[in-house]
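*Asks:* Numbering (this note's numbering), first residue to last: 17 to 206. Cβ coordinates follow ideal geometry from the N, Cα and C atoms, glycine included. For clarity, every value in this text was computed on a predicted model and none was experimentally measured.
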């Protein structure tokens with residue numbers, strides 16, 4: 017296990033793009049190229065703004081190495097306005113050589129702190145139900161929120177949310193609409 021002092025979470029910078037692409041490709045293998053394109057599209061997509069785009073770097077004598085990445089982009093409820101205080105995670109990844117060392121959790125918590133400071137009240141994701149509940153995510157469908165595209169019933173627990181402001185989900189429900197770049201069926205398959 018790496019000492020947490022060696023891992024620094026910071027905003028992703030333009031010079032990090034190639035390293036981010038390498039981490040995504042290593043983490044997602046077959047789907048890596050598609051996810052790299054999605055990230056590049058989300059960063060440029062005005063409907064995705066504001067975004068929280070962070071890297072986890074390993075600090076070594078020779079400098080730093082990007083070992084993880086997370087991106088949250090803007091989302092809103094169908095019929096609502098785009099300035100609603102909602103965000104959606106896509107993607108979160110850690111290079112396979114550094115997985116199971118808490119880096120993904122560090123990325124999530126740092127991103128959540130930044131989202132909360134920016135006034136975001138609810139964060140959504142489509143992901144592994146065996147992983148994200150450890151980070152306070154719970155099934156969103158049970159709370160009245162539909163994903164942008166239907167999720168098969170067998171994968172319903174993969175559609176999750178985390179309240180960043182207590183009670184924020186209680187006063188809302190409906191279909192979550194994401195940025196144009198993420199609004200394609202292939203990005204909604206678990």
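Please name the residue in 176, 135 and 169 whose C-alpha comes closest to that of residue 153.
*Replies:* Counting from 1 along the chain shown, the entry for residue 153 is found at position 137. Of the candidates 176, 135 and 169, the one whose C-alpha sits nearest the C-alpha of residue 153 is 176.
*Asks:* How many Å lie between residue 70 and residue 127 at the Cα?
*Replies:* Walking along the chain shown from the start, residue 70 turns up at place 54. Walking along the chain shown from the start, residue 127 turns up at place 111. Approximately 7 Å, taken between the alpha carbons.
*Asks:* Rounded to whole angstroms, what's the CA-CA distance from residue 112 to residue 28? Just pull it up for me.
*Replies:* Numbered from its first residue, the chain shown carries residue 112 at position 96. Numbered from its first residue, the chain shown carries residue 28 at position 12. Rounded to whole angstroms, residue 112 to residue 28 spans 20 Å at the Cα level.
*Asks:* On a Cα-Cα basis, can you pick out the residue from 187, 72, 36 and 197 that is closest to residue 7?
*Replies:* The structure shown does not extend to residue 7, since the chain spans only 17 to 206, so no value can be given for it.
*Asks:* Could you give the uninterrupted runs of the alpha helix (DSSP H) lying entirely in the segment 22-64, keeping only those of 4 residues or more?
*Replies:* Entirely contained in the segment 22-64, the alpha helix (DSSP H) runs reaching 4 residues are, in chain order, 33-44 and 48-60.
*Asks:* Leaving aside the five residues before and after residue 163 along the sequence, list all residues of the same chain whose C-beta is less than 7 Å from its C-beta, in chain order.
*Replies:* Taking the chain shown and counting its residues from 1, the one referred to as residue 163 is at position 147. Excluding sequence neighbours, residue 163 sits near 142, 175, 192 and 204.
*Asks:* Is residue 131 closer than 9 Å to residue 106 when the C-beta atoms are compared?
*Replies:* Position 90 of the chain shown, counted from the first residue, corresponds to residue 106. Position 115 of the chain shown, counted from the first residue, corresponds to residue 131. For residue 106 and residue 131, no; Cβs fall outside 9 Å.
*Asks:* Does the separation of the CB atoms of residue 43 and residue 115 fall below 9 Å?
*Replies:* One-based indexing of the chain shown puts residue 43 at position 27. One-based indexing of the chain shown puts residue 115 at position 99. The answer is yes: Cβ separation under 9 Å.
*Asks:* Please state the DSSP three-state secondary structure of residue 113.
*Replies:* Walking along the chain shown from the start, residue 113 turns up at place 97. Helix.
*Asks:* Hey, residue 81 and residue 74: beta-carbon distance below 9 Å or not?
*Replies:* On the chain shown, residue 81 is found 65 positions in, with the first residue counted as 1. On the chain shown, residue 74 is found 58 positions in, with the first residue counted as 1. Contact flag set, yes.
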